[in-house]
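**Q** Residue numbers (the UniProt record's numbering): 1 to 340. Quick reminder that beta carbons are idealized off the backbone N, C-alpha and C, glycines included.
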Amino acid sequence: MEFNLEKTIRPHLVGMKSYSTSRPVENKNQFILLDANENPFGNFNRYPDAENVRLKQKLAEINKVETGNLFLGNGSDELIDLIMRVFCDPGKDSVMVFNPSFVMYEIYAKMNNVQVEKLQLNSEFQLDKKEFENAISKTQAKILFLCSPNNPTGNSVDDLEYFIQSFNGIVVVDEAYIEFSPLESTVSLLNQYPNLIVLKTLSKAYGMAGLRIGVGISSVEIAAFFNRFKPPYNISSESQRLALEQLEKEDEQAENIQTILAEKEKLKKGLAENKEVVKIYPSHANFFLVEFKDAEKVYQKLHEANIYTSLRHPQLKNCLRLSVGKPEENLKVLNVLSEI
Ligand code: PMP
1 MEFNLEKTIR PHLVGMKSYS TSRPVENKNQ FILLDANENP FGNFNRYPDA
51 ENVRLKQKLA EINKVETGNL FLGNGSDELI DLIMRVFCDP GKDSVMVFNP
101 SFVMYEIYAK MNNVQVEKLQ LNSEFQLDKK EFENAISKTQ AKILFLCSPN
151 NPTGNSVDDL EYFIQSFNGI VVVDEAYIEF SPLESTVSLL NQYPNLIVLK
201 TLSKAYGMAG LRIGVGISSV EIAAFFNRFK PPYNISSESQ RLALEQLEKE
251 DEQAENIQTI LAEKEKLKKG LAENKEVVKI YPSHANFFLV EFKDAEKVYQ
301 KLHEANIYTS LRHPQLKNCL RLSVGKPEEN LKVLNVLSEI
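If you want it as structure tokens, here you go:
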């Protein structure tokens with residue numbers, strides 16, 4: 001595989017300057033700050049740290065990388081959009097996505113007028129390698145999006161390294177659910193593959209969806225581009241502060257993950273005993289894709305009991321995606337199902 005970053009980035013961005021601030025991050029009170037047209041009064045009057053220095057230090061420690069390998073987004077959703085905009089010329093370039101997979105890859109591609117080439121997964125939601133080789137021999141796609149564990153199917157993609165190695169452009173491995181998985185993160189492959197971007201999020205296992213923090217991890221060269229072109233103040237001061245505070249509570253987070261995984265097993269057992277259930281797909285995430293005899297009916301019954309689930313029918317025939325909730329919530333799901 002031959003990968004050249006400068007040739008992969010949209011040409012007009014290579015030499016382009018972006019917005020930068022030079023103000024101090026620490027001890028702001030010691031300085032007179034008249035550089036950003038802020039209001040001198042109020043509790044939230046100052047712009048956040050545009051470089052996310054302290055939060056990045058903590059995230060680097062957690063992910064065992066350097067701060068220079070990181071770029072942060074207002075959720076990983078924002079990073080997916082930014083990745084499209086950094087690498088793909090509208091009306092010209094294309095990206096490859098697995099089907100089924102996380103819908104936002106396609107939505108952001110379309111918003112950016114970028115073509116989408118879909119790679120159809122087999123009945124076990126894996127991609128046949130022959131089919132992949134055939135597809136990449138005919139494509140100029142700039143980016144391959146891989147989601148593992150995959151949303152909405154829940155399974156991990158087999159042999160991720162093979163795909164990263166074989167693709168000539170950027171490979172984004174979206175690991176939104178990796179903390180629930182028994183498998184290793186692909187962050188350990190970063191030194192070997194300069195075309196790799198790993199996406200993580202604080203929204204799932206870390207329990208901070210409301211703070212909107214997505215984490216991009218890549219080579220220092222790629223990360224530098226994103227730090228240059230991301231919206232300068234995309235993570236609010238309060239989000240940065242609260243995320244740091246939460247990330248210090250490592251034991252609590254580990255415990256929550258263990259509770260979710262234990263609940264997941266109980267939910268699986270309960271679902272397996274229900275006569276409406278046809279199949280529970282294998283999951284390395286905090287949710288299950290479940291095939292029912294009649295998914296629309298099940299969705300409706302759960303809805304009537306004030307339980308929201310994600311109906312994937314008809315794309316995934318008779319399937320619902322069900323997140324693992326609190327113990328009493330999962331019990332309620334099983335109770336409603338048993339009454340159908
Ligand atoms: N990637 C995947 C696979 C997801 O399922 C989600 C959220 N559903 C995201 C990215 C976006 O996460 P966030 O923007 O909250 O970081």
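Out of curiosity, what's the CA-to-CA distance linking Val-290 and Met-208?
**A** 26 Å
**Q** Tell me which residues pass a beta-carbon proximity test against the ligand PMP: closer than 6 Å to any heavy atom, given in chain order.
**A** Taken from the N-terminal end onward, the list reads Gly-75, Ser-76, Asp-77, Phe-102, Cys-147, Asn-151, Asp-174, Ala-176, Thr-201, Ser-203, Ala-209 and Gly-214.
**Q** Quick check on Met-111: buried or exposed, where buried means 16 or more other Cβ atoms within 10 Å of its Cβ?
**A** By the neighbour-count definition (other C-beta atoms within 10 Å, threshold 16), Met-111 is an exposed residue.
**Q** Jot down the residue ranges of each uninterrupted alpha helix (DSSP H) in the segment 48-106, minimum 4 residues, whole runs only, in chain order.
**A** 53-63 and 75-87
**Q** In terms of residue numbering, what span does the alpha helix (DSSP H) encompassing Phe-226 cover?
**A** 220-229
**Q** Return the CA-CA distance between Val-220 and His-303, expressed in angstroms with no decimal places.
**A** 47 Å
**Q** Pull the bridge partners of Asp-159 from the DSSP assignment, please.
**A** Under DSSP, no beta-bridge partner is assigned to Asp-159.
**Q** Between which residues of its own chain and residue 405 is the CB-CB distance below 6 Å, once the five residues before and five after are set aside?
**A** Not covered by the structure: residue 405. The range shown for the chain is 1 to 340.
**Q** Leaving out five residues before and five after Val-53 in sequence, what residues of the same chain have Cβ atoms less than 6 Å from its Cβ?
**A** Val-25
**Q** For the segment 153-164 and the segment 251-270, state whether three or more C-beta atom pairs, one from each stretch, are separated by less than 8 Å.
**A** no
**Q** When the Cβ atoms of the segment 57-72 are set against those of the segment 129-145, are three or more pairs found closer than 8 Å?
**A** no
**Q** Can you list, in chain order, the stretches of the beta strand (DSSP E) that have 3 or more residues and sit fully within the segment 122-174?
**A** 143-147 and 170-174
**Q** What residues in its chain sit with their C-beta under 8 Å from that of Gln-57, if we drop five residues either side in the sequence?
**A** Thr-67
**Q** Going by DSSP, what residues sit across from Lys-279 in a beta bridge?
**A** Glu-291
**Q** What did DSSP end up calling residue 350 once you bin it into helix, strand or coil?
**A** Shown here, the chain extends from 1 to 340; a query on residue 350 therefore has no answer.
**Q** Quick check on DSSP: helix, strand or coil for Gln-115?
**A** strand
**Q** Under a three-way DSSP split, which group does Ile-178 fall into?
**A** helix
**Q** Count the other CB atoms within 10 Å of the CB of Asn-191; is the residue buried (16 or more) or exposed (fewer)?
**A** The residue is exposed, with fewer than 16 neighbouring Cβ atoms inside 10 Å.
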